[in-house]
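A.B. asks:
Residue numbers (this note's numbering): 112 to 279.
1) If you run the structure through DSSP and keep just helix, strand and coil, what is residue 187?
2) Please list the terminal residues of the continuous alpha helix (DSSP H) segment that includes residue 224.
3) Does chain E have any CB closer than 9 Å to the CB of residue 272?
4) Consult DSSP for residue 231 and reduce its assignment to one of helix, strand or coil.
5) Between residue 186 and residue 269, is the Cβ-Cβ spacing less than 9 Å?
6) Assuming residue 254 contacts residue 116 (C-beta within less than 8 Å), just tell me the rounded distance between them.
7) Report the CB separation of residue 122 from residue 156 in whole angstroms; it is logged as a contact under 8 Å.
8) Would residue 158 and residue 266 be called neighbours here (beta carbons separated by less than 9 Å)?
9) Between 251, 232, 133, 264, which has its C-alpha nearest residue 204's C-alpha?
10) Kindly indicate which residue of 275, 181, 143, 144 has the alpha-carbon position closest to the one of residue 227.
11) Is it the case that the Cβ atoms of residue 219 and residue 195 are separated by a distance below 9 Å?
12) Is the separation between the beta-carbon of residue 149 and that of residue 129 shorter than 9 Å?
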C-alpha cells in the first residue's frame, strides 16, 4: 500500500501538469476539457485532505499550536482555490475573466502546495509512523474510489476555526 504523503505528492504533480496543459491548450474545447478535469481534481483533493490528513494532524497536535496553525492555513487555502474555481465557472471559457479566475486558482494552489510540501508533509512524516501513513493511504485510495468524479461530494468553503474545533 501507499503512504498518504506519497499519494498527496502524486496529486500535487498532477495539478502542476494540469496547469501546464492549460498553457498548451488551444481553443475553448481544449481549455474546457483540461480545466474541468483539473478543477474537479482540485476539489476532490481538498475534500480528501480535509477528511483524512488534517484530522490526524490535529489529533497528534502538540503544545506548540503548529498543527492548528497549519490546518487553519490549509483550510483557508482550500477555500481560496474553491472560490477561484467557482469564479471561473461564471465566466466564458477562455475569456479574460475566466483566465483571471484560473490564474487565481493556480497561484493559490501553487502557494498551498509549497506550504504542504515544505512544512506540513515533512512534519507529518516525522511524527506519524509508517503504519499510520499506510493506513491513511488506504483511506485516501478508498475515498477516491468511493467518489468517482466527485460523486456524492459537495464542494463548499469551510470555516477554519469551526473545522479545527470539530476535528481536534
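Note that CB positions come from ideal geometry on N, CA and C, so glycine has one too.
C.D. replies: Result, derived from the coordinates:
1) helix
2) 207 to 226
3) Of the protein chains in this structure there is only one, and it is not chain E.
4) helix
5) Contact: yes.
6) With a Cβ gap of about 15 Å, residue 254 and residue 116 do not count as contacting.
7) 5 Å
8) Yes. Within cutoff.
9) Per the Cα distances, 133.
10) 181
11) yes
12) Going by C-beta atoms, residue 149 is nearer than 9 Å to residue 129.
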